[in-house]
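S.K.:
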Amino acid sequence: MNVIWARSAAFLICLAIAAVLLFVFAGPVWALAATTAVLTVLLLYYLFQVNRLWKVLDAPAYGEIPSALGLWGEVYYRLHRLVKRWRSQVLQVEAQHTRFIQAIQASPNGVLMLDDADQIEWCNGMAELHFGLNARRDVRQRITHLIRRPEFVQYLNLQRFDEPLQMRDMGEHKQSVISVQILPYGDNRKLVLTQDITKLENTEAMRRDFVANVSHELKTPLTVLTGFLETVRDLPVSDEDRKRYVDMMLTQSMRMQHIVEDLLALAKLESDMQPPSQDRVDIGAVMHHLAHDAEGLSQGRHRISVEVDPAVGIRGAETELLSAFGNLVSNAVRYTPDGGSIGISLSYQQGHAVFAVSDTGLGIAPEHIPRLTERFYRVDRSRSRDTGGTGLGLAIVKHVLSRHHAELRVTSEEGKGSVFRVIFPADRSVYEPDRHGERQGGRPSPERGAQVCARSRPRSWRAHHVRAREASRRGGRGRVYYKNKHFERNSLWLTRLSLVFALAAFCWI
Numbered sequence: 003m004n005v006i007w008a009r010s011a012a013f014l015i016c017l018a019i020a021a022v023l024l025f026v027f028a029g030p031v032w033a034l035a036a037t038t039a040v041l042t043v044l045l046l047y048y049l050f051q052v053n054r055l056w057k058v059l060d061a062p063a064y065g066e067i068p069s070a071l072g073l074w075g076e077v078y079y080r081l082h083r084l085v086k087r088w089r090s091q092v093l094q095v096e097a098q099h100t101r102f103i104q105a106i107q108a109s110p111n112g113v114l115m116l117d118d119a120d121q122i123e124w125c126n127g128m129a130e131l132h133f134g135l136n137a138r139r140d141v142r143q144r145i146t147h148l149i150r151r152p153e154f155v156q157y158l159n160l161q162r163f164d165e166p167l168q169m170r171d172m173g174e175h176k177q178s179v180i181s182v183q184i185l186p187y188g189d190n191r192k193l194v195l196t197q198d199i200t201k202l203e204n205t206e207a208m209r210r211d212f213v214a215n216v217s218h219e220l221k222t223p224l225t226v227l228t229g230f231l232e233t234v235r236d237l238p239v240s241d242e243d244r245k246r247y248v249d250m251m252l253t254q255s256m257r258m259q260h261i262v263e264d265l266l267a268l269a270k271l272e273s274d275m276q277p278p279s280q281d282r283v284d285i286g287a288v289m290h291h292l293a294h295d296a297e298g299l300s301q302g303r304h305r306i307s308v309e310v311d312p313a314v315g316i317r318g319a320e321t322e323l324l325s326a327f328g329n330l331v332s333n334a335v336r337y338t339p340d341g342g343s344i345g346i347s348l349s350y351q352q353g354h355a356v357f358a359v360s361d362t363g364l365g366i367a368p369e370h371i372p373r374l375t376e377r378f379y380r381v382d383r384s385r386s387r388d389t390g391g392t393g394l395g396l397a398i399v400k401h402v403l404s405r406h407h408a409e410l411r412v413t414s415e416e417g418k419g420s421v422f423r424v425i426f427p428a429d430r431s432v433y434e435p436d437r438h439g440e441r442q443g444g445r446p447s448p449e450r451g452a453q454v455c456a457r458s459r460p461r462s463w464r465a466h467h468v469r470a471r472e473a474s475r476r477g478g479r480g481r482v483y484y485k486n487k488h489f490e491r492n493s494l495w496l497t498r499l500s501l502v503f504a505l506a507a508f509c510w511i
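Taking the numbering used here, the leading residue of the sequence shown gets 3, the next gets one more, and so forth.
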């Protein structure tokens, strides 16, 4: 302000001096005419600049600030700084608003804003998905005209928002459970928050089923034990009946023990936060163990075959994988009728190691397959108990594979059998075709697709293990040997090449 007054005073002083000089040397007429002309030009210049300023201020958004001389130049300069600072603040607010909208859009929960008439002002993408809305189409629409569920309309009208509302059969496929919470704010406005709690509901249902199943699974053998003990205590029982009762009680006790052991194994897998090791698994030992256990469980009632690609390896916790594979194999033996076939294989497919167990058993209906890995879930409860299963085997398989980031795929056809495939991720799959002549640990390995000797006659496995135990007693180490014609052929070619190189070296010398 001081600059404006100083410049104005200087201009008026200069004008007065010029008028006095003109009055002295040219007379009063010229002095008056010159002063009037200068003031007229100055007035017109001021009117012109005022008009320019009016246009700038009248624009919706301030455009280019003009430039000028003198005081108007200072005015425009200060206006330019003010507009620049205002634009910077507007850009900051817009950036904050954009980030806020992006953050709400990234939220896994739905957010919906209602005005005082319960009309939609804004909603994020998740709210659109939960309620089946379209933000562009449904803005300014009353929400009760779009969501006509009676429980939601009643919840909104009662104005009792202490507890969230659960709405079932929501979402795109009408299979979700949505929790809706309304929060009043401002002038009778409302903020509607939605959350997909389908997984929580499923987990809670599984927990209830688990408690009920554990109680039932333990109650049954306990009831049997109690009944037999009361019979032995209160009634005269012959030695033969007593022995039979004791055997039946022992069977029920072992069943409870197996259930407890499997529950402890599950608890250990769930509580272990450390990732499994990346050490290479001894595939030869694992497959040998699986074949031996399958033969022992089958007792010669099935045809068991094992196919191993020796170039394939797996990285992981050998004990956990052996437990998971063993559960798959034991299930195949238990649910395959006498005379059926069971196949155990390890192959390399599209960059992944694949362990598979196939059988010619009863098969599984499609509706049961998604729930096979649930605890105590049984397709046929009576048959499961008759075969000695605890109902926890596939749950253990699920947790072991989850720790190894592997995938379990089940294909089955009722009356024809099932195939359980375990597909390992690339970082836990090993494929070394150059090592196909030698197994890990120095054991001979079968060629790709080769089958374990005596695959069609399970009894030969028993004879083979007898020979292995006899070799161990003599100080040797029992091994499983496989047919491998490629290994013999490659060894012969290596011998010939060695002779050629030796002869060439001799000639060179």
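Cβ atoms here follow ideal geometry from the backbone N, Cα and C, with glycine treated the same way.
(1) Is DSSP giving residue 309 helix, strand or coil here?
(2) Express the C-alpha separation of residue 120 and residue 580 in angstroms, rounding to a whole number.
(3) Buried or exposed, going by whether 16 or more other CB atoms sit within 10 Å of the CB of residue 51?
(4) Given 8 Å as the limit, is there contact between the segment 310-317 and the segment 273-286, that is, 3 or more CB pairs closer than that?
(5) How about residue 300 and residue 395: are their beta carbons less than 8 Å apart?
(6) Would you say residue 184 and residue 158 are within 8 Å of each other, going by their C-beta atoms?
(7) Between the Cα of residue 352 and those of 314, 320, 20 and 200, spot the shortest distance and give me the residue it belongs to.
(8) Identify, in the order they occur along the chain, each residue of the same chain with its Cβ nearer than 7 Å to the Cβ of residue 425, setting aside the five sequence neighbours on each side.
(9) Assess contact between the segment 79-91 and the segment 101-113, defined as three or more Cβ pairs (one per stretch) separated by less than 8 Å. Is contact present?
(10) Let me know if residue 102 comes out buried or exposed under the rule of 16 or more other beta-carbons within 10 Å of its beta-carbon.
(11) Starting from residue 337, follow the beta strand (DSSP E) in both directions and report where the run begins and ends.
(12) What residue ranges within the segment 44-132 form continuous alpha helix (DSSP H) runs of no fewer than 4 residues, ordered along the chain?
(13) State the Cα-Cα distance for the pair residue 211 and residue 181, rounded to the nearest angstrom.
(14) Tell me whether the segment 251-260 and the segment 222-241 touch, counting them as touching only if at least three CB pairs, one residue from each stretch, are closer than 8 Å.
(15) Can you tell which of 335, 435, 200 and 318 has the C-alpha that lies nearest to the C-alpha of residue 405?
(16) Based on Cα-Cα distance, which residue from 281, 170 and 260 lies nearest to residue 329?
(17) Please report the residue range of the beta strand (DSSP E) in which residue 172 lies.
(18) Starting from residue 428, follow the alpha helix (DSSP H) in both directions and report where the run begins and ends.
(19) Would DSSP call residue 352 helix, strand or coil?
(20) Taking the C-alpha atoms as reference points, what is the distance between residue 196 and residue 129?
(21) Throw me the rounded Cβ distance for the residue 432 and residue 282 pair, which I believe falls under 8 Å.
(22) Suppose the cutoff is 6 Å on Cβ atoms and the five residues either side in sequence are ignored; what does the same chain contact list for residue 373 look like?
(23) Would you call the CB atoms of residue 1 and residue 370 closer than 8 Å?
(24) State the Cα-Cα distance for the pair residue 343 and residue 293, rounded to the nearest angstrom.
(25) From the DSSP output, in three-state form, read off residue 247 for me.
(26) Does the Cβ of residue 114 have 16 or more other Cβ atoms within 10 Å, making it buried, or fewer, making it exposed?
(27) Let me know if residue 302 comes out buried or exposed under the rule of 16 or more other beta-carbons within 10 Å of its beta-carbon.
(28) For residue 410, which three-state DSSP category applies?
(29) Within its chain, find whatever has a CB closer than 8 Å to the CB of residue 458; leave out the 5 residues flanking it on each side and keep chain order.
(30) Where residue 170 and residue 421 are concerned, what is the direct C-alpha to C-alpha distance, given to the nearest angstrom?
(31) Looking at C-alpha atoms only, which residue of 118, 145, 154 and 219 is the closest neighbour of residue 393?
(32) If you measure between the beta carbons of residue 155 and residue 168, is that distance less than 8 Å?
(33) Nearest to residue 255 by CA position, among 321, 278 and 230, is which residue?
(34) Here's the rule: buried if 16 or more other CB atoms are within 10 angstroms of the residue's CB, otherwise exposed. What is residue 522?
(35) Take residue 465 and list the residues in its own chain whose beta-carbon comes closer than 7 Å to its own, dropping the five residues that flank it on each side.
M.R.: On the basis of the supplied data:
(1) Start at 1 with the first residue of the sequence shown, and residue 309 comes out as number 307. DSSP, read as helix, strand or coil, puts residue 309 in strand.
(2) No answer is possible for residue 580: it lies beyond the span of the chain, which begins at 3 and ends at 511.
(3) Your numbering for residue 51 matches position 49 in the sequence shown. So residue 51 counts as buried.
(4) Yes, the segment 310-317 touches the segment 273-286.
(5) The count along the sequence shown starts at 1 and reaches residue 300 at position 298. The count along the sequence shown starts at 1 and reaches residue 395 at position 393. The answer is no: Cβ separation not under 8 Å.
(6) Taking the sequence shown and counting its residues from 1, the one referred to as residue 184 is at position 182. Taking the sequence shown and counting its residues from 1, the one referred to as residue 158 is at position 156. Residue 158 is positioned such that its CB atom lies closer than 8 Å to that of residue 184.
(7) Start at 1 with the first residue of the sequence shown, and residue 352 comes out as number 350. The shortest Cα separation from residue 352 among 314, 320, 20 and 200 belongs to 314.
(8) Here residue 425 refers to the residue found at position 423 of the sequence shown. 354, 356, 408, 409 and 411, listed in sequence order.
(9) Touching, no.
(10) Locating residue 102 in the sequence shown gives position 100, where the first residue counts as 1. With fewer than 16 Cβ atoms within 10 Å of its Cβ, residue 102 is classed as exposed.
(11) Taking the sequence shown and counting its residues from 1, one reaches residue 337 at position 335. Here residue 337 belongs to no beta strand (DSSP E), and DSSP marks it neither H nor E.
(12) Correct list: 72-108.
(13) Translated into the one-based positions of the sequence shown, residue 211 becomes position 209. Translated into the one-based positions of the sequence shown, residue 181 becomes position 179. Whole-angstrom Cα-Cα distance: 22 Å.
(14) Touching, yes, given that three or more Cβ pairs across the two stretches are closer than 8 Å.
(15) Locating residue 405 in the sequence shown gives position 403, counting from the first residue. Ranking 335, 435, 200 and 318 by Cα distance to residue 405 puts 318 first.
(16) Residue numbering aside, residue 329 sits at position 327 when the sequence shown is read from its first letter. When only C-alpha atoms are compared, the closest one is 260.
(17) Residue 172 sits at position 170 when you count from the first residue of the sequence shown. Residues 167-172.
(18) Walking along the sequence shown from the start, residue 428 turns up at place 426. No alpha helix (DSSP H) holds residue 428; DSSP gives it neither H nor E.
(19) The sequence position of residue 352 within the sequence shown is 350, counting from 1. Three-state DSSP puts residue 352 in coil, outside helix and strand.
(20) Residue numbering aside, residue 196 sits at position 194 when the sequence shown is read from its first letter. Residue numbering aside, residue 129 sits at position 127 when the sequence shown is read from its first letter. Distance between residue 196 and residue 129, taken at the CA atoms: about 7 Å.
(21) Walking along the sequence shown from the start, residue 432 turns up at place 430. Walking along the sequence shown from the start, residue 282 turns up at place 280. Indeed, because the Cβ distance is near 6 Å, the residues count as touching under 8 Å.
(22) Position 371 of the sequence shown, counted from the first residue, corresponds to residue 373. Within the same chain, 379 come within 6 Å of residue 373 by CB-CB distance, once the 5 residues on both sides are set aside.
(23) Outside the displayed span of the chain (3 to 511) sits residue 1, for which this structure offers no information.
(24) Stepping through the sequence shown from its first residue, residue 343 is reached at position 341. Stepping through the sequence shown from its first residue, residue 293 is reached at position 291. Approximately 13 Å, taken between the alpha carbons.
(25) Working through the sequence shown from its first residue, we reach residue 247 at position 245. If DSSP states are grouped into helix, strand and coil, residue 247 belongs with the helices.
(26) Counting from 1 along the sequence shown, the entry for residue 114 is found at position 112. With 16 or more other Cβ atoms within 10 Å, it is buried.
(27) Your numbering for residue 302 matches position 300 in the sequence shown. Residue 302 is exposed by the Cβ-count criterion.
(28) Taking the first residue of the sequence shown as position 1, residue 410 is located at position 408. In the three-state reduction of the DSSP assignment, residue 410 falls in the strand class.
(29) Your numbering for residue 458 matches position 456 in the sequence shown. Low confidence applies to residue 458: its pLDDT is 34, below 50, so where it sits in the model is not reliable enough to give any reading.
(30) Counted from its first residue, the sequence shown places residue 170 at position 168. Counted from its first residue, the sequence shown places residue 421 at position 419. Distance between the alpha carbons of residue 170 and residue 421 is about 35 Å.
(31) In the sequence shown, the residue the question calls residue 393 occupies position 391. It is 219 whose Cα lies nearest to the Cα of residue 393.
(32) Position 153 of the sequence shown, counting from 1, holds the residue named residue 155. Position 166 of the sequence shown, counting from 1, holds the residue named residue 168. Going by C-beta atoms, residue 155 is not nearer than 8 Å to residue 168.
(33) Here residue 255 is taken as the residue at index 253 of the sequence shown, counted from 1. If we check each option's Cα against that of residue 255, 230 comes out closest.
(34) The first residue shown for the chain is 3 and the last is 511, placing residue 522 beyond what the model contains.
(35) Mapped onto the sequence shown, residue 465 falls at position 463. Residue confidence for residue 465 is low, a pLDDT of 36 falling below 50, so the modelled location carries little weight and cannot support an answer.
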